[in-house]
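Last residue of the sequence shown: 146 (my numbering), numbering continuous. Idealized CB from N, CA, C, for every residue including glycine. Comments concern the structure below.
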Amino acid sequence: MTLLQLFSISVFGALGTFYLGQYRYFNPVRASSFLTLVFIAFAYILTNNVELWSAAFFGGSFIGMSAPHRLSVLTLTLATLIFVAFFVWLLPLLEGVGGALGLSAFLSVVVIRMVVLIIRRLAPKRA
């Protein structure tokens, strides 16, 4: 699987969870669970590499569980890009997919959040 495919699947999971989690009867956890189950069902039909595809999607959905007042669509997409880099780097180092997913998602959101806070602090104040 190429990095572009991993990124596309992760962005789909992140944005889908982000938007679905804002609906009335969904919260971020329900949105992530629902979309992951649907994605895995389709992945079993479409590919023979279900474990990697579902891990990329689920990791993206972790990022999509961020609060809308914390991350915008742009920063969510950038966090997903960083997630893929961390995921590819950490997956061989950590045992089990779960540790690599959670750590990669956490680190990517923290990096983006810190960058946003630094940019806001360095930006000139408007009168």
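Item	Value
Cβ-based neighbour list, Thr96, same chain, cut-off 7 Å, excluding 5 preceding and 5 following	Val30
CB-CB length for Leu113 against Ala119, believed under 8 Å	5 Å
Expected contact under 8 Å - CB spacing of Val128 and Ala98 to nearest Å	5 Å
Beta-carbon separation (whole angstroms), Val57 vs Tyr63, contact threshold 8 Å	Between Tyr63 and Val57 the Cβ distance is about 11 Å, and since that is not below 8 Å, they are no contact.
Alpha helix (DSSP H) segment containing Arg49, residue limits	47-65
Same chain, Cβ closer than 8 Å to Ser80, five either side skipped, listed in chain order	Gly32, Ala33, Gly35, Thr36, Ala50, Ser51, Leu54, Thr55
Inter-residue CB distance, Val107 and Leu22 (contact presumed, cutoff 8 Å)	7 Å
Inter-residue spacing [alpha-carbon to alpha-carbon] between Gly40 and Leu136	24 Å
Contacting residues, own chain, Cβ-Cβ under 8 Å from Phe26 (five flanking each side not counted)	Thr99, Leu100, Val103
Cα-Cα separation, Val92 to Tyr38	10 Å
Phe76 beta carbon less than 8 Å from that of Ile28	yes
Whether Met84 touches Pro143 by CB criterion (8 Å)	no
Arg139 beta carbon less than 8 Å from that of Arg89	no
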